[in-house]
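Residue numbers (the working numbering): 1 to 577.
Heads up, the beta-carbon is just placed ideally off N, CA and C, and yes, glycines get one too.
If you're wondering where the values come from, they're calculated on a predicted model, not measured in any experiment.
Working notes, beginning with the structure itself.
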Amino acid sequence: MKQDNIETIRHSLSHVLAAAVLEMFPEAKLGIGPAIENGFYYDFDLPRTLIPEDLSILKKKMRAIINSDSHFARLEVTINQAHDLIDTSDQVYKKELIDDLKKEGEKKISFFRTGNFVDLCKGPHVEKTADLKNFGWKLDKIAGAYWKGSEKNKMLQRIYGLAFKTKKELDEFLKNREEAEKRDHRKLGTDLDLFSFHKEGPGFPFWHPKGMILWNILLDWWREEHQKASYQEIKTPIILSRDLWEKSGHWDHYKENMYFTKIDDRDFAVKPMNCPGSILYYKEKLHSYREFPLRIAEIGLVHRHELPGVLHGLLRVRAFHQDDAHIFCTEKQIESEVSDIIDLTDKMYSRLGLKYHIEFCTRPESGSIGTDEIWQKAEKSLKNVLAERKIDYKLNPGNAAFYGPKIDFHIKDAIGRTWQLGTIQLDFAMPERFDLNYIDSNSKEKQPVMIHRVIFGAIERFIGILIEHFAGAFPVWLAPVQTIVLPISEKHNAYADKIIKELKNQEIRAEIDNRNESIGRKIRDAELQKIPYMLIVGDKEIAAKKIAVRIRQLADGKGDEGQFSLDKIIKEILEAK
Ligand SMILES: [Zn+2]
Ligand SMILES: [Zn+2]
Numbered sequence: 001m002k003q004d005n006i007e008t009i010r011h012s013l014s015h016v017l018a019a020a021v022l023e024m025f026p027e028a029k030l031g032i033g034p035a036i037e038n039g040f041y042y043d044f045d046l047p048r049t050l051i052p053e054d055l056s057i058l059k060k061k062m063r064a065i066i067n068s069d070s071h072f073a074r075l076e077v078t079i080n081q082a083h084d085l086i087d088t089s090d091q092v093y094k095k096e097l098i099d100d101l102k103k104e105g106e107k108k109i110s111f112f113r114t115g116n117f118v119d120l121c122k123g124p125h126v127e128k129t130a131d132l133k134n135f136g137w138k139l140d141k142i143a144g145a146y147w148k149g150s151e152k153n154k155m156l157q158r159i160y161g162l163a164f165k166t167k168k169e170l171d172e173f174l175k176n177r178e179e180a181e182k183r184d185h186r187k188l189g190t191d192l193d194l195f196s197f198h199k200e201g202p203g204f205p206f207w208h209p210k211g212m213i214l215w216n217i218l219l220d221w222w223r224e225e226h227q228k229a230s231y232q233e234i235k236t237p238i239i240l241s242r243d244l245w246e247k248s249g250h251w252d253h254y255k256e257n258m259y260f261t262k263i264d265d266r267d268f269a270v271k272p273m274n275c276p277g278s279i280l281y282y283k284e285k286l287h288s289y290r291e292f293p294l295r296i297a298e299i300g301l302v303h304r305h306e307l308p309g310v311l312h313g314l315l316r317v318r319a320f321h322q323d324d325a326h327i328f329c330t331e332k333q334i335e336s337e338v339s340d341i342i343d344l345t346d347k348m349y350s351r352l353g354l355k356y357h358i359e360f361c362t363r364p365e366s367g368s369i370g371t372d373e374i375w376q377k378a379e380k381s382l383k384n385v386l387a388e389r390k391i392d393y394k395l396n397p398g399n400a401a402f403y404g405p406k407i408d409f410h411i412k413d414a415i416g417r418t419w420q421l422g423t424i425q426l427d428f429a430m431p432e433r434f435d436l437n438y439i440d441s442n443s444k445e446k447q448p449v450m451i452h453r454v455i456f457g458a459i460e461r462f463i464g465i466l467i468e469h470f471a472g473a474f475p476v477w478l479a480p481v482q483t484i485v486l487p488i489s490e491k492h493n494a495y496a497d498k499i500i501k502e503l504k505n506q507e508i509r510a511e512i513d514n515r516n517e518s519i520g521r522k523i524r525d526a527e528l529q530k531i532p533y534m535l536i537v538g539d540k541e542i543a544a545k546k547i548a549v550r551i552r553q554l555a556d557g558k559g560d561e562g563q564f565s566l567d568k569i570i571k572e573i574l575e576a577k
């Protein structure tokens with residue numbers, strides 16, 4: 001038997017699912033059924049809304065189809081014969097797909113038949129349904145999905161399935177997913193009162209006071225590190241004119257993701273990237289090689305259009321801030337500069353305990369700007385740095401930005417998921433397009449090189465990832481509330497107030513829980529808020545002029561620590577890494 005790859009298996013299962021749905025609902029209209037990460041789905045227009053119990057009925061039917069051992073038979077027909085194979089008066093979505101293919105100029109199309117079920121499809125599939133027997137699969141969930149992903153179209157019902165090479169892999173995936181659900185930043189964001197989303201602004205996060213504390217701590221630290229690394233910060237407008245975006249190439253290469261507006265009858269766009277703003281700043285004056293490398297940072301607010309179906313809490317938003325920087329330098333300075341950015345990135349990820357790997361992305365097959373020679377030169381410089389520093393990297397061909405090659409940082413979180421965060425992009429094209437120059441040591445005009453880079457990436461997404469990585473239990477230096485004072489009863493409130501005052505004087509982020517609740521309840525709530533230090537005060541503590549300290553329960557199983565002087569605890573919190 002030939003070894004099918006997992007995508008083929010996943011997609012073949014989607015055919016079996018569609019066949020099972022047609023058995024259950026002969027009037028079902030079929031959408032599409034691709035393989036996806038971890039499994040497959042199929043979209044249906046059905047006479048009624050599916051309920052979870054339907055999935056077990058469908059699963060039984062799928063098992064029967066798999067056991068019937070039907071072959072996946074390929075039928076190739078001319079596009080005009082297509083309608084004979086599928087009742088297109090009934091299968092309106094398939095008809096639309098066939099018409100689309102016609103418009104694209106396809107002459108022949110293929111269908112696959114398994115038993116009585118025929119589906120428009122390119123393949124490939126397994127040879128026969130029995131080949132699917134030994135894989136680990138299950139029907140997972142039901143969701144709504146717009147036909148072709150557009151909210152202008154009808155909402156269909158999507159059935160998701162999971163499929164892996166073995167049952168063991170499936171079980172592992174389910175276990176990890178359960179862990180990920182507990183860490184879901186959308187849930188924790190609400191529980192910890194960090195941020196919210198509203199239907200009035202889909203994809204636009206609202207930051208709450210505690211979320212802003214987190215935000216500001218991260219950015220204060222970011223500014224501190226960037227000042228040490230000789231970056232200067234600027235701020236450029238969110239809306240800029242059409243001609244600028246035409247010149248930068250965004251109008252041609254990025255238009256689908258941009259928002260537009262008119263001011264005094266002139267076309268403007270909301271910036272999807274910060275680069276052109278930074279370039280206008282650069283062009284403000286004549287530069288000398290003596291200023292180089294010129295490191296211009298901007299915490300820029302950008303807007304990018306995303307389809308409603310892909311929005312996902314802070315991880316996929318329509319408005320976000322990038323911790324951007326554009327470095328203008330000479331060709332000779334590229335390698336040392338890129339090397340310094342790698343160091344800075346490493347320093348910042350290390351403090352957060354984030355492990356990472358590096359990927360090197362080369363020129364896209366289509367849609368890029370710049371000559372072959374320029375691309376080769378740029379790719380070589382980045383490669384040299386990686387080679388010189390003996391950095392193990394993964395090659396990611398064709399995945400660069402449209403203006404130049406890049407090095408990406410992919411971090412691995414606490415439950416083993418990877419996320420692309422930082423990027424370093426080399427760019428000879430923008431300086432040319434915008435006619436940038438500087439005066440070199442021989443008083444000649446030359447064109448600088450531009451390096452685009454981020455470390456956090458989208459700050460909103462970065463915080464979302466951190467929430468999930470730490471499961472909301474941030475390190476003490478980052479925790480929005482570092483300590484909470486818990487008076488055992490009302491008569492201890494005054495002493496607790498004194499302690500709070502002292503903590504705040506020392507710039508410790510402290511709260512008090514003086515509700516009329518039992519101390520057990522107060523401790524439980526503080527644990528749920530993942531507050532690192534709980535300071536409990538009652539008669540004994542007041543008499544001893546001390547506080548009872550409890551440390552939040554994490555995997556390391558800490559808890560009651562005993563009585564301490566306030567000074568000792570203040571010192572410990574201030575020094576916490
Ligand atoms: Zn297929
Ligand atoms: Zn840029």
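What three-state label does DSSP hand M258 in the structure shown? Coil, per DSSP.
When you compare each of Q81, Q482, E23 and E337 to E573 by their alpha carbons, which one comes out closest? For the sequence presented, residue 573 should be read as Ile rather than Glu. Among Q81, Q482, E23 and E337, the Cα nearest to that of I573 is on Q482.
Based on Cα-Cα distance, which residue from L22, I484, D346 and F428 lies nearest to G115? L22
In three-state DSSP terms, what is R74? strand
Quick check on DSSP: helix, strand or coil for M273? coil
Reducing DSSP to helix, strand and coil, say where N67 ends up. helix
Less than 9 Å separating the beta-carbons of K148 and Y160? It is not a contact, given that the beta carbons lie outside the stated cut-off.
Return the first residue and the last residue of the beta strand (DSSP E) that W419 is part of. From DSSP, the beta strand (DSSP E) with W419 extends over T418 to D427.
Cβ-based burial, R10 [other Cβ within 10 Å; buried from 16]: buried
Keeping to the same chain, check which residues put their C-beta closer than 6 Å to that of G579; ignore five residues upstream and five downstream. With the chain covering 1 to 577 only, the question about residue 579 has no answer from this structure.
Reduced DSSP secondary structure (H/G/I, E/B, other) of L294: When secondary structure is reduced to three states using DSSP, L294 falls in the strand class.
Would you call the stretch 416-427 in contact with the stretch 454-471, where contact means no fewer than 3 C-beta pairs closer than 8 Å? yes
In angstroms, rounded to a whole number, what distance separates the CA positions of P364 and D372? 12 Å
Considering only DSSP beta bridges, list what L214 is partnered with. According to DSSP, which records beta bridges pairwise, L214 is partnered with nothing at all.
With a 10 Å radius around its C-beta and 16 neighbouring C-beta atoms as the bar for buried, classify Y105 as buried or exposed. The sequence shown places Gly at residue 105, rather than the Tyr named in the question. That one is exposed.
Helix or strand or just coil, what does DSSP make of K108? strand
Curious, which full-length alpha helix (DSSP H) runs of at least 4 residues does the stretch 448-488 contain? 459-469
L55: which of M24, V77 and A73 sits nearest, CA to CA? M24
Please report the straight-line C-alpha distance between E541 and I531, rounded to a whole angstrom. 21 Å
Does DSSP put G559 in a helix, a strand or coil? coil
Do F434 and K247 have their C-beta atoms within less than 9 Å of each other? yes
If I follow the unbroken alpha helix (DSSP H) through V338, where does it start and stop? I334 to R351
Could you tell me which residues DSSP puts in a beta bridge with R521? For R521, which the question treats as bridged, DSSP gives no partner whatsoever.
Buried versus exposed call for G353 [16 or more other C-beta atoms within 10 Å across all chains shown]: exposed
Reduced DSSP secondary structure (H/G/I, E/B, other) of Q227: helix
CB contact flag (H452, D324, <9 Å): With a cutoff of 9 Å on beta-carbon distance, H452 and D324 are scored as near each other.
Host alpha helix (DSSP H) of S381 (start-end): D372 to E388
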